[in-house]
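Asks: Going by the numbering used here, the sequence shown opens with residue 8, and the numbers climb by one from there.
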Amino acid sequence: MKLRKEGGYSPFEVIGGALILSIGISISYFLIDWMNGVKADRARRRNPLQQSEQMIKKVEPGEEFGSYVITFQL
8 MKLRKEGGYS
18 PFEVIGGALI
28 LSIGISISYF
38 LIDWMNGVKA
48 DRARRRNPLQ
58 QSEQMIKKVE
68 PGEEFGSYVI
78 TFQL
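1. Where V45 and I30 are concerned, what is the direct C-alpha to C-alpha distance, given to the nearest angstrom?
2. What is the DSSP secondary structure of S35, counted as helix, strand or coil?
3. So, helix, strand or coil for G23, using DSSP?
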C-alpha cells in the first residue's frame, strides 16, 4: 500500500490552482483600485478647489510640462 502518490500533481490540479491564484490577484487589484477611487472622490468632494488648482499650472517658457517642453515662438 502506497501512501504517497507518484508523479506530483495532475495537470488539472496545476491549471486549477493557477487559475484560482490569478483570479484572486485580479480581484485584489480591482478592490485596491476601487478603494483609491473612492478616496479620491471623497477628497474631491471635501475640497473642490484643490483639484482645479492642481490642474491649472503656470508654465514658464522652456519649462517641462508633463513630457512636453513648451517653447514660445515670436
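All residues carry an ideal CB built from backbone N, CA and C; glycine is no exception. Keep in mind that this is a model prediction, so the values were computed, not measured.
Replies: Reading from the atomic positions:
1. 22 Å
2. helix
3. helix
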